[in-house]
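Visitor: My structure is below; once you've seen it, I'll send some questions.
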Amino acid sequence: MNTNNTRSINHKLKNLTKAFAANEEIKRELALLGDTYERDTLPLRAQLIAGAEVIKRRQTQYERELVTQWGGLIDPEGDIRFAPFLPGFSPDFSMLFNPPYPGFCEGMLTGFIREHYLTRRQRGEEKNVEIGLRYPPTKDTLPLMLKGITTLLPYMTKMENGHVKVTANTSITFPVREGNAAYIGYKSLVIDPESGRTDLLIHVSGEEEAGLLSFDVVRSALLHLVSSRYFTANRCRKLLA
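In this text, residue positions in the sequence shown follow the numbering used here: the first is 190, and each later residue adds one.
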């Protein structure tokens, strides 16, 4: 990243922070006025609206410059939320997960997650970052799905042992005897961020305890999920043996 451009963008972020602070001060003044006449608050309200418009323009300019530097393609008249994720597009995920102000690059993180066939699982107001597979993987979606998981892995909420859990959202059903069937539910991928080793947590119908299938890397675990849709009944039985 060009040093001058970086300084310029950082300077704009500082100005935005100051503008936010000024508007917050105006809001506090309005609150203190309480029940005073409406005409007394009109100048402050007008100033607040004007300040908000200035902030919005500065935000838009700042974010468009950032997205351009990240390698995003933006329509001059378009919304940055709809910037396509080109192969060279590499946003600063630390900023997206910890935005410098409310509404920063709104929708971009969600767009990236959806683009890679993933989904974000968020509980209420918690800041936990939990990712799941949006659909069972296929040979066509696996490359982007793998890229999305490995890219987001450093920012995801870790378990007590330091591993990261990705919801699998995949299951298979197979016959066990005439008229009856069993299923294997792939609950989640449990990934060691340091080694890449991945355990598939599975639940088998009729079994109380969950089982584990271990793989050396995330890709191998995803390939297993892709191939599972083609498993024969005998293959399923051997898997559980």
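Ideal placement from N, C-alpha and C gives every residue a C-beta, glycine not left out.
1) Check whether the Cβ atoms of residue 415 and residue 328 sit closer than 8 Å, and answer yes or no.
2) Identify whether residue 246 lies in helix, strand or coil by the three-state DSSP scheme.
3) CA-CA distance, residue 333 and residue 411?
4) For the alpha helix (DSSP H) containing residue 319, name the first residue and the last one.
5) Taking a contact to mean a Cβ-Cβ separation below 8 Å, would you say residue 344 touches residue 282 in this structure?
6) Can you give me the start and stop residues for the alpha helix (DSSP H) that residue 301 sits inside?
7) According to DSSP, is residue 404 helix, strand or coil?
8) Could you compute how far the alpha carbon of residue 341 sits from the alpha carbon of residue 324?
9) Can you find at least 3 beta carbon pairs, one from the segment 374-384 and one from the segment 292-309, that sit closer than 8 Å?
10) What did DSSP end up calling residue 238 once you bin it into helix, strand or coil?
11) Between the Cα of residue 241 and those of 212, 320, 318, spot the shortest distance and give me the residue it belongs to.
12) What is the residue span of the beta strand (DSSP E) that residue 391 lies within?
13) Do you know whose CA, among 330, 237, 287, lies nearest residue 318's CA?
14) Quick one, which of 259, 384, 258, 210 has its alpha-carbon nearest residue 352's?
15) For the alpha helix (DSSP H) holding residue 340, just list the boundary residues, first then last.
Guide: To lay it out plainly:
1) yes
2) helix
3) 11 Å
4) No alpha helix (DSSP H) contains residue 319, which is instead part of the beta strand (DSSP E) from 319-322.
5) yes
6) 297-304
7) strand
8) 17 Å
9) no
10) helix
11) 212
12) 387-393
13) 287
14) 384
15) 331-341
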